[in-house]
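Heads up: the sequence shown begins at 2 in my numbering, then just goes up one per residue.
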Amino acid sequence: MFKLHCKSGTCYLVGEGEAIIRGTLARDIATVMEYKGLKLQEAVDWVVKNRLDRQAGMIAVYSEGEVAYGFNSNAMLRGCATEHGCGHLGVNKSNGQYEIVMCGSYM
Numbered sequence: 002m003f004k005l006h007c008k009s010g011t012c013y014l015v016g017e018g019e020a021i022i023r024g025t026l027a028r029d030i031a032t033v034m035e036y037k038g039l040k041l042q043e044a045v046d047w048v049v050k051n052r053l054d055r056q057a058g059m060i061a062v063y064s065e066g067e068v069a070y071g072f073n074s075n076a077m078l079r080g081c082a083t084e085h086g087c088g089h090l091g092v093n094k095s096n097g098q099y100e101i102v103m104c105g106s107y108m
């Protein structure tokens, strides 16, 4: 059986996350992975294409640490940091281009 785990017991959303919560899109990603046999990125892409009824972006993190994202807006700002203190912030655009906004150490 496929299970989603959240160690802290909390989840965070930014922006109009209420629509994503109401649409139970995280559950949809898990269901698509289980029943269609898709990988995380494929499942996120499927949900963004077939379930989002407004412009939004999603970032999903699998229990093993795999990260996937998808969006149907003109662009999506995203960022990450490593345990070594390297930060990365960039913008993905709907035309497939990626622009680095900031990259460097913050420690």
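No residue lacks a Cβ here, since even glycine has one placed at the ideal position from N, Cα and C.
All values reported here derive from a predicted model rather than from experimental measurement.
Can you tell which of the options has the C-alpha that lies nearest to the C-alpha of residue i?
i	options	result
Glu67	Val92, Ala57 and Glu43	Glu43
Lys94	Trp47, Ala76 and Thr32	Ala76
Leu53	Gly38, Tyr70, Tyr63 and Leu26	Leu26
Trp47	Val62, Asp29 and Cys81	Asp29
Tyr63	Arg79, His89, Leu41 and Asn96	Leu41
So what does DSSP say about residue i, is it helix, strand or coil?
i	result
Arg55	coil
Lys94	strand
Leu41	helix
Thr32	helix
Between which two residues does the beta strand (DSSP E) containing residue i stretch?
i	result
Tyr70	Val68 to Phe72
Gly80	Ala76 to Ala82
From the DSSP output, read off the bridge partner residues of residue i.
i	result
Ile60	Tyr70
Between residue i and residue j, is the Cβ-Cβ spacing less than 8 Å?
i	j	result
Ala69	Val92	no
Val49	Met59	yes
Gln98	Asn73	no
Gly80	Gly86	no
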